[in-house]
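In our numbering, the protein residues as written are 8 to 198.
Okay, so here's the structure we're looking at.
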(Lines of atoms letter the chains of each structure in order from A and count residues from 1; the text may use other names and numbers.)
(Lines give C-alpha, C1' and ligand atoms only; values in the text may rest on other atoms or scores of the structure.)
Protein backbone atom coordinates (compact mmCIF):
# COMPACT_ATOMS: atom_id res chain seq x y z
CA UNK A 1 0.00 0.00 0.00
CA UNK A 2 1.31 3.49 -0.74
CA UNK A 3 2.20 5.55 2.29
CA UNK A 4 0.92 9.06 2.47
CA UNK A 5 3.82 11.50 2.55
CA UNK A 6 4.45 13.25 5.82
CA UNK A 7 4.89 16.97 5.63
CA UNK A 8 6.98 19.33 7.74
CA UNK A 9 4.94 20.63 10.63
CA UNK A 10 2.53 17.70 10.59
CA UNK A 11 1.20 16.57 13.93
CA UNK A 12 3.42 13.81 15.27
CA UNK A 13 0.41 12.39 17.14
CA UNK A 14 -1.18 11.33 13.85
CA UNK A 15 -0.14 7.78 12.99
CA UNK A 16 1.08 6.73 9.56
CA UNK A 17 -1.68 6.37 7.02
CA UNK A 18 -1.62 3.78 4.24
CA UNK A 19 -3.80 3.81 1.14
CA UNK A 20 -5.11 0.64 -0.42
CA UNK A 21 -8.25 -1.16 -1.59
CA UNK A 22 -10.99 -1.50 1.03
CA UNK A 23 -14.28 -3.34 1.32
CA UNK A 24 -16.37 -0.17 1.38
CA UNK A 25 -19.63 -2.07 1.84
CA UNK A 26 -18.27 -3.52 5.09
CA UNK A 27 -17.04 -0.08 6.21
CA UNK A 28 -19.88 2.03 4.83
CA UNK A 29 -20.95 3.43 8.21
CA UNK A 30 -17.38 4.42 9.09
CA UNK A 31 -16.94 6.01 5.64
CA UNK A 32 -20.19 7.94 5.97
CA UNK A 33 -19.09 9.21 9.39
CA UNK A 34 -15.96 10.60 7.68
CA UNK A 35 -18.10 12.08 4.89
CA UNK A 36 -20.51 13.62 7.41
CA UNK A 37 -17.64 15.40 9.16
CA UNK A 38 -15.88 16.45 5.96
CA UNK A 39 -19.00 17.43 4.03
CA UNK A 40 -21.49 18.35 6.75
CA UNK A 41 -24.22 15.73 6.34
CA UNK A 42 -27.28 15.43 8.56
CA UNK A 43 -28.45 12.10 10.01
CA UNK A 44 -31.18 11.91 7.36
CA UNK A 45 -28.69 12.53 4.55
CA UNK A 46 -26.40 9.82 5.93
CA UNK A 47 -29.24 7.29 5.74
CA UNK A 48 -29.96 8.18 2.11
CA UNK A 49 -26.26 8.16 1.18
CA UNK A 50 -25.80 4.72 2.77
CA UNK A 51 -28.25 3.17 0.31
CA UNK A 52 -26.69 5.05 -2.61
CA UNK A 53 -23.16 3.92 -1.76
CA UNK A 54 -24.22 0.28 -1.38
CA UNK A 55 -26.04 0.43 -4.74
CA UNK A 56 -23.05 2.07 -6.47
CA UNK A 57 -20.71 -0.63 -5.25
CA UNK A 58 -22.70 -3.20 -7.24
CA UNK A 59 -21.90 -1.42 -10.54
CA UNK A 60 -19.47 -3.21 -12.86
CA UNK A 61 -15.93 -1.93 -12.31
CA UNK A 62 -16.73 -0.08 -9.07
CA UNK A 63 -13.84 0.06 -6.63
CA UNK A 64 -12.92 1.78 -3.41
CA UNK A 65 -9.73 2.78 -1.66
CA UNK A 66 -9.24 3.88 1.89
CA UNK A 67 -6.65 5.77 3.87
CA UNK A 68 -6.28 3.63 6.99
CA UNK A 69 -4.33 4.61 10.09
CA UNK A 70 -1.94 2.28 11.88
CA UNK A 71 -4.79 1.65 14.35
CA UNK A 72 -7.14 0.58 11.55
CA UNK A 73 -9.29 3.71 11.50
CA UNK A 74 -10.50 5.21 8.24
CA UNK A 75 -8.95 8.66 7.72
CA UNK A 76 -10.40 9.03 4.22
CA UNK A 77 -11.88 7.15 1.30
CA UNK A 78 -12.58 7.36 -2.40
CA UNK A 79 -14.76 5.28 -4.66
CA UNK A 80 -15.70 5.38 -8.28
CA UNK A 81 -16.61 3.41 -11.36
CA UNK A 82 -16.60 3.53 -15.13
CA UNK A 83 -19.21 6.09 -16.12
CA UNK A 84 -22.52 4.89 -17.52
CA UNK A 85 -24.81 7.39 -19.25
CA UNK A 86 -27.84 5.62 -17.78
CA UNK A 87 -26.74 6.37 -14.18
CA UNK A 88 -28.62 9.13 -12.38
CA UNK A 89 -25.56 11.41 -12.06
CA UNK A 90 -24.92 11.26 -15.81
CA UNK A 91 -28.54 12.05 -16.67
CA UNK A 92 -28.38 15.17 -14.48
CA UNK A 93 -25.04 16.51 -15.77
CA UNK A 94 -25.50 15.57 -19.45
CA UNK A 95 -27.54 18.64 -20.48
CA UNK A 96 -25.00 20.96 -18.81
CA UNK A 97 -22.09 19.20 -20.52
CA UNK A 98 -23.93 19.19 -23.88
CA UNK A 99 -24.50 22.96 -23.60
CA UNK A 100 -20.70 23.35 -23.24
CA UNK A 101 -19.94 20.90 -26.07
CA UNK A 102 -18.42 18.44 -23.56
CA UNK A 103 -20.97 15.63 -23.28
CA UNK A 104 -18.50 13.20 -24.90
CA UNK A 105 -16.74 13.21 -21.50
CA UNK A 106 -19.53 10.92 -20.28
CA UNK A 107 -18.16 8.18 -22.52
CA UNK A 108 -15.07 6.15 -21.68
CA UNK A 109 -14.46 7.98 -18.39
CA UNK A 110 -13.87 6.84 -14.83
CA UNK A 111 -16.09 8.84 -12.48
CA UNK A 112 -14.90 9.73 -8.99
CA UNK A 113 -18.14 9.28 -7.10
CA UNK A 114 -16.99 10.33 -3.63
CA UNK A 115 -13.70 11.47 -2.12
CA UNK A 116 -13.60 12.57 1.51
CA UNK A 117 -10.89 12.98 4.14
CA UNK A 118 -11.57 13.33 7.86
CA UNK A 119 -10.95 16.97 8.84
CA UNK A 120 -8.22 15.95 11.32
CA UNK A 121 -6.25 14.44 8.41
CA UNK A 122 -6.83 17.08 5.73
CA UNK A 123 -3.91 18.99 4.25
CA UNK A 124 -1.51 16.05 4.46
CA UNK A 125 -1.73 14.70 0.90
CA UNK A 126 -4.26 11.97 1.69
CA UNK A 127 -6.88 13.17 -0.81
CA UNK A 128 -4.21 13.44 -3.53
CA UNK A 129 -2.95 9.92 -2.78
CA UNK A 130 -6.46 8.46 -2.76
CA UNK A 131 -7.53 9.96 -6.09
CA UNK A 132 -4.27 9.20 -7.90
CA UNK A 133 -4.24 5.63 -6.59
CA UNK A 134 -7.79 4.86 -7.74
CA UNK A 135 -7.35 6.49 -11.15
CA UNK A 136 -3.96 4.85 -11.77
CA UNK A 137 -5.74 1.50 -12.13
CA UNK A 138 -8.62 2.82 -14.26
CA UNK A 139 -8.82 1.42 -17.78
CA UNK A 140 -10.48 4.56 -19.11
CA UNK A 141 -8.39 7.35 -20.68
CA UNK A 142 -9.95 10.10 -18.55
CA UNK A 143 -11.75 10.87 -15.32
CA UNK A 144 -14.71 13.05 -14.40
CA UNK A 145 -16.17 14.23 -11.10
CA UNK A 146 -18.42 16.88 -9.63
CA UNK A 147 -17.57 19.28 -6.82
CA UNK A 148 -19.36 22.18 -5.19
CA UNK A 149 -18.90 25.14 -7.55
CA UNK A 150 -16.87 27.35 -5.26
CA UNK A 151 -13.18 28.01 -4.83
CA UNK A 152 -12.26 25.41 -2.24
CA UNK A 153 -9.24 23.31 -1.30
CA UNK A 154 -10.88 20.35 -3.07
CA UNK A 155 -11.26 22.28 -6.34
CA UNK A 156 -7.68 23.50 -6.00
CA UNK A 157 -6.46 19.92 -5.54
CA UNK A 158 -8.39 18.74 -8.59
CA UNK A 159 -6.89 21.52 -10.72
CA UNK A 160 -3.33 20.59 -9.67
CA UNK A 161 -4.09 17.04 -10.83
CA UNK A 162 -5.16 18.24 -14.28
CA UNK A 163 -8.94 18.48 -13.86
CA UNK A 164 -10.56 21.37 -15.71
CA UNK A 165 -14.07 22.74 -15.52
CA UNK A 166 -16.34 21.17 -18.12
CA UNK A 167 -19.61 22.71 -16.86
CA UNK A 168 -20.43 25.03 -13.98
CA UNK A 169 -23.54 25.93 -12.00
CA UNK A 170 -24.85 22.37 -12.33
CA UNK A 171 -27.97 21.94 -10.19
CA UNK A 172 -28.63 18.58 -8.60
CA UNK A 173 -32.11 17.94 -7.17
CA UNK A 174 -32.11 18.51 -3.40
CA UNK A 175 -28.58 20.01 -3.42
CA UNK A 176 -28.46 23.44 -1.81
CA UNK A 177 -25.45 24.62 -3.82
CA UNK A 178 -24.53 24.38 -7.51
CA UNK A 179 -21.76 22.04 -8.63
CA UNK A 180 -19.05 22.08 -11.26
CA UNK A 181 -18.29 19.04 -13.40
CA UNK A 182 -14.56 18.62 -13.95
CA UNK A 183 -12.58 16.31 -16.22
CA UNK A 184 -8.93 15.26 -16.58
CA UNK A 185 -6.94 12.97 -18.85
CA UNK A 186 -5.42 9.94 -17.16
CA UNK A 187 -2.97 9.40 -15.66
CA UNK A 188 -3.48 12.41 -13.43
CA UNK A 189 -0.78 15.04 -13.33
CA UNK A 190 1.84 14.65 -10.61
CA UNK A 191 3.70 17.46 -8.85
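Glycine included, each C-beta is placed from N, C-alpha and C at the ideal position.
In the DSSP output, which residue or residues are listed as bridge partners for residue i?
i, result
"residue 200", "The structure shown has nothing for residue 200, since the chain only spans 8 to 198."
"residue 117", "89, 150"
"residue 186", "155, 177"
First and last residue of the alpha helix (DSSP H) that includes residue i?
i, result
"residue 143", "133-143"
"residue 163", "160-167"
For residue i, is the classification buried or exposed, using 16 other Cβ atoms within 10 angstroms of its Cβ as the cut-off for buried?
i, result
"residue 121", "buried"
"residue 93", "exposed"
"residue 12", "Note that residue 12 has pLDDT 46, beneath the 50 cutoff, so the model's placement of it is unreliable and no number is given."
"residue 112", "buried"
"residue 55", "exposed"
"residue 42", "buried"
Assuming residue i contacts residue j under a Cβ cut-off of 8 Å, what Cβ separation, rounded to an integer in Å, is found between them?
i, j, result
"residue 191", "residue 104", "That belief does not hold up - the Cβ atoms of residue 191 and residue 104 are roughly 15 Å apart, past 8 Å."
"residue 83", "residue 25", "Residue 83 to residue 25, Cβ: 11 Å. No contact."
What do you reckon, are the CB atoms on residue i and residue j nearer than 9 Å?
i, j, result
"residue 119", "residue 71", "no"
"residue 186", "residue 151", "no"
"residue 86", "residue 106", "no"
"residue 145", "residue 117", "yes"
"residue 35", "residue 75", "no"
"residue 136", "residue 195", "no"
Where does the unbroken beta strand (DSSP E) through residue i begin, and where does it stop?
i, result
"residue 76", "70-76"
The ligand HEM and residue i: does the residue's C-beta get closer than 8 Å to at least one heavy atom of that ligand?
i, result
"residue 74", "The ligand content of the structure shown is nil, which means the ligand HEM is not present either."
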